[in-house]
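Numbered per numbering that gives the first Met the number 0, the sequence shown finishes at 574, counting up by one with no gaps.
One structure is given here, and the rest of the page talks about it.
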Amino acid sequence: MSSVKPRDVQVLPIGAETTVLRSRTWDRLKFEIEYALQRGTTANSYVIQADKTALFDPPGESFTDIFLQALQQRFDVKKIEYAIIGHINPNRAVTLKALLEIAPQVTFVCSNPGAIALRSLFPENELKIIVVRGEETLDLGKGHQLQFIPTPSPRRPDKMCTYDPKTQILFTDKFFGAHICGDQVFDEGWTAISEDRRYYFDCLMAPHARQVENALDKLANFPAKIYAPGHGPLVRYSFTELTHSYRQWIQQQQTQDITVALIYASAYGNTGTLAQAIARGITKAGIKVETINCEVVEPAEIKAAVERSAGFIIGSPTLGGHAPTPIQTALGIVLSTAAKTQLAGVFGSFGWSGEAIDLLESKLKDAGYQFGFEPIRVKFKPTDVTLKFCEEAGTDFAQALKKAKKARTPRQPVSESQAARTEQAVGRIVGSLSIVTAKQGEVSGAMLASWVSQATFNPPGLTIAVAKDRAIESLMYKGGQFVLNLLAEGNHIGLMKHFLKPFGPAEDRFAGVATAEAHNGCPILNDALAYLECSVQNRMECGDHWLVYASVENGKVLKADAVTAVHHRKSGSHY
0 MSSVKPRDVQ
10 VLPIGAETTV
20 LRSRTWDRLK
30 FEIEYALQRG
40 TTANSYVIQA
50 DKTALFDPPG
60 ESFTDIFLQA
70 LQQRFDVKKI
80 EYAIIGHINP
90 NRAVTLKALL
100 EIAPQVTFVC
110 SNPGAIALRS
120 LFPENELKII
130 VVRGEETLDL
140 GKGHQLQFIP
150 TPSPRRPDKM
160 CTYDPKTQIL
170 FTDKFFGAHI
180 CGDQVFDEGW
190 TAISEDRRYY
200 FDCLMAPHAR
210 QVENALDKLA
220 NFPAKIYAPG
230 HGPLVRYSFT
240 ELTHSYRQWI
250 QQQQTQDITV
260 ALIYASAYGN
270 TGTLAQAIAR
280 GITKAGIKVE
290 TINCEVVEPA
300 EIKAAVERSA
310 GFIIGSPTLG
320 GHAPTPIQTA
330 LGIVLSTAAK
340 TQLAGVFGSF
350 GWSGEAIDLL
360 ESKLKDAGYQ
370 FGFEPIRVKF
380 KPTDVTLKFC
390 EEAGTDFAQA
400 LKKAKKARTP
410 RQPVSESQAA
420 RTEQAVGRIV
430 GSLSIVTAKQ
440 GEVSGAMLAS
450 WVSQATFNPP
460 GLTIAVAKDR
470 AIESLMYKGG
480 QFVLNLLAEG
490 NHIGLMKHFL
500 KPFGPAEDRF
510 AGVATAEAHN
520 GCPILNDALA
530 YLECSVQNRM
540 ECGDHWLVYA
550 SVENGKVLKA
560 DAVTAVHHRK
570 SGSHY
């Protein structure tokens with residue numbers, strides 16, 4: 000019997016005349032980096048049924064049928080006067096089209112960029128649209144005087160939030176959400192989903208922290224008690240904590256001293272998805288990303304971003320064998336603005352050919368720029384493996400920038416520095432040498448580890464410190480599985496050298512290494528002294544590392560007469 004749960008819709012009241020319709024799936028919904036934890040998701044829609052009825056944010060086509068069925072069962076769709084749209088995309092257009100068929104009287108309420116997108120998606124329809132150009136209002140009666148707040152971002156220039164002063168609910172669209180599926184509507188016991196919220200922020204918000212900060216400043220003017228996001232539980236019990244966390248996470252991004260300008264255009268969303276994955280890889284390495292959708296910004300903004308960056312990355316779709324005009328304009332700005340010392344990158348998606356990517360690559364190479372990764376070419380929609388490749392490429396790009404900066408920074412003589420003496424002392428902490436291996440679907444990873452310690456007796460558990468910019472880090476979230484392979488003294492040099500060498504994005508870490516498959520599906524190294532099959536239970540953020548606590552589910556000693564290899568370091572500032 001299959002354990003897969005069917006998709007459904009929860010319909011529950013959340014305030015006066017206000018109902019949430021939570022379209023739910025326990026499966027991975029899309030191949031986008033924000034869904035990579037594979038915890039399922041909810042697409043939250045809302046209805047206010049006052050003197051006039053308003054529907055907020057119908058979900059995408061994955062839920063069209065079950066959502067409209069639930070909507071018709073609970074509400075008279077002929078009385079829905081307004082459809083308030085926080086952001087528009089082609090995926091959501093399928094549901095909007097079906098909605099218009101059963102409720103042709105609906106007037107859409109959206110931002111000006113949203114209205115442009117709607118008309119392009121429905122060129123044959125005479126749509127009724129109220130365009131929000133500033134902080135405008137809409138009276139639904141019974142005290143529901145809705146206030147609209149445009150909150151644009153590079154990825155979603157049409158994004159808009161809505162505040163209802165009667166219920167003090169702030170409908171936040173993409174803000175304050177999480178991709179996780181469950182039965183509870185509100186966030187009681189919210190500490191259990193803190194990791195999911197942070198991952199969601201890192202994927203969706205961190206690459207445009209400046210715009211997020213501007214949006215939070217706007218939203219702070221509306222005295223809300225509940226956040227009603229587009230995904231995940233509604234925020235009531237952690238309202239203050241989550242708001243503070245967003246500010247804190249933004250500050251972490253804003254204070255980074257190295258910036259990358261990530262410039263792109265996206266015809267069908269695929270290039271934008273690649274940009275998001277690359278940005279995730281850069282930000283996890285401690286580098287600030289300034290994301291620029293060149294279709295909606297002025298040339299002066301592109302120029303300013305390139306001038307203040309240490310590197311730039313350009314992404315483009317191929318349309319009719321060419322790069323779209325905004326990309327060609329952006330390329331000209333980059334060529335006339337960027338210093339030759341700036342690191343470059345190129346990526347893009349295409350259907351039948353990739354001339355736009357070739358154009359970007361050749362122009363930048365001819366101009367003398369060095370590349371931080373090989374140009375990324377993706378045909379059609381990205382996959383899990385593609386997204387992991389892009390994330391790792393972004394991390395490699397960031398590490399190259401950090402290495403270049405370190406090379407330019409003069410080092411203080413060890414004998415003259417108290418900090419250096421402290422680092423030498425910390426370096427005397429001895430840890431067992433191990434290889435951590437993990438596998439999730441088609442994506443696998445490995446890393447050399449020496450910061451490993453037993454943490455509990457019952458259940459047997461251990462902690463591992465994992466640098467934030469490690470490729471394997473994204474496989475070591477709560478619920479993730481891995482194998483800790485302990486290395487044997489005298490037989491560890493070969494494996495150590497193999498896993499210390501730099502790997503290209505998505506390169507097979509296990510090529511030429513003898514392995515077997517553990518019960519949890521992760522690789523066991525045949526030459527290890529012993530192995531432990533582990534399940535991640537928790538993570539704690541510690542500076543530039545995550546401290547991962549895992550329970551040990553299974554294990555075996557492979558070489559009973561050997562002793563564990565240990566790592567002796569001269570300094571506590573590096574491995």
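Built from N, CA and C at the ideal position, the CB exists for glycine as well.
Looking at C-alpha atoms only, which residue of the options is the closest neighbour of residue i?
i      : options                        : result
Leu95  : His230, Phe74, Leu359, Leu117  : Leu117
Glu33  : Ala517, Lys405, Glu390         : Glu390
Thr136 : Pro149, Gly503, Leu98, Glu125  : Pro149
Arg279 : Met159, Ala392, Asp365, Ala114 : Ala392
Gly503 : Ala510, Phe372, Pro323, Val482 : Phe372
Leu215 : Pro12, Tyr245, Pro206          : Tyr245
Ala274 : Phe311, Arg469, Ala219, Ser572 : Phe311
Lys401 : Gln255, Ala366, Gln327, Cys541 : Gln255
Ile326 : Ala309, Leu342, Ser308, Asp357 : Asp357
Arg91  : Phe74, Asn43, Gln72, Ala49     : Asn43
Gly350 : Ala53, His491, Tyr267          : Tyr267
Tyr263 : Gln252, Phe221, Thr328         : Thr328
Leu524 : Trp545, Ser433, Asp50          : Ser433
Ser152 : Asp50, Ser431, Val295          : Val295
Lys438 : Val429, Thr462, Pro459, Ser473 : Ser473
Ile101 : Val76, Ile291, Pro58           : Val76
Glu441 : Gly14, Val8, Phe30, Lys4       : Phe30
How should residue i be labelled, buried or exposed, when 16 other C-beta atoms within 10 angstroms of its C-beta is the threshold for buried?
i      : result
Leu261 : buried
Leu169 : buried
Val413 : Here Val413 scores only 46 on pLDDT, less than 50, and its place in the model should not be relied on; the value that follows carries that caveat. Exposed is the call here.
Asp201 : buried
Met539 : exposed
Ile47  : buried
Cys521 : buried
Gly142 : exposed
Phe396 : buried
Gly14  : buried
His491 : buried
Arg155 : buried
If you reduce the DSSP assignment to three classes, tell me which class residue i lands in.
i      : result
Cys389 : helix
Asp383 : helix
Val413 : With a pLDDT of only 46 at Val413, under the threshold of 50, the placement of this residue in the model should not be trusted, and no figure is reported.
Val562 : coil
Pro298 : helix
Glu552 : strand
Ser431 : strand
Tyr45  : strand
Tyr226 : strand
Tyr263 : strand
Asn292 : strand
Lys283 : helix
Lys569 : coil
Gly14  : strand
Phe55  : strand
Gly320 : coil
Ser61  : helix
Hey, would you say residue i sits closer than 8 Å to residue j, going by beta carbons?
i      : j      : result
Gly347 : Thr317 : yes
Leu120 : Phe66  : no
Leu486 : Met495 : yes
Tyr226 : Thr270 : no
Gln284 : Thr394 : Reading the sequence as shown, one finds Ala at residue 284 and not Gln. Yes, the Cβ-Cβ distance between Ala284 and Thr394 is below 8 Å.
Gly229 : Asp468 : no
Glu506 : Cys533 : no
Val435 : Ala454 : no
Phe62  : Ile84  : no
Gly113 : Ile87  : yes
Leu145 : Asp157 : no
Ala470 : Gly511 : no
Gly460 : Tyr548 : yes
Run through the region 465-501 for me and flag every whole beta strand (DSSP E) of 3 or more residues, listed as ranges in chain order. 480-485
Can you list, in chain order, the stretches of the beta strand (DSSP E) that have 3 or more residues and sit fully within the region 503-556? 514-516, 522-524, 529-541, 544-556
Every unbroken alpha helix (DSSP H) inside the region 105-153 [4 residues or more]: 111-120
Enumerate, from N- to C-terminal direction, the unbroken alpha helix (DSSP H) stretches of 4 or more residues contained entirely within the region 176-251. 193-203, 208-218
Can you check the region 321-371 for any alpha helix (DSSP H) of at least 4 residues that lies completely inside it and give the ranges in chain order? 324-336, 354-365
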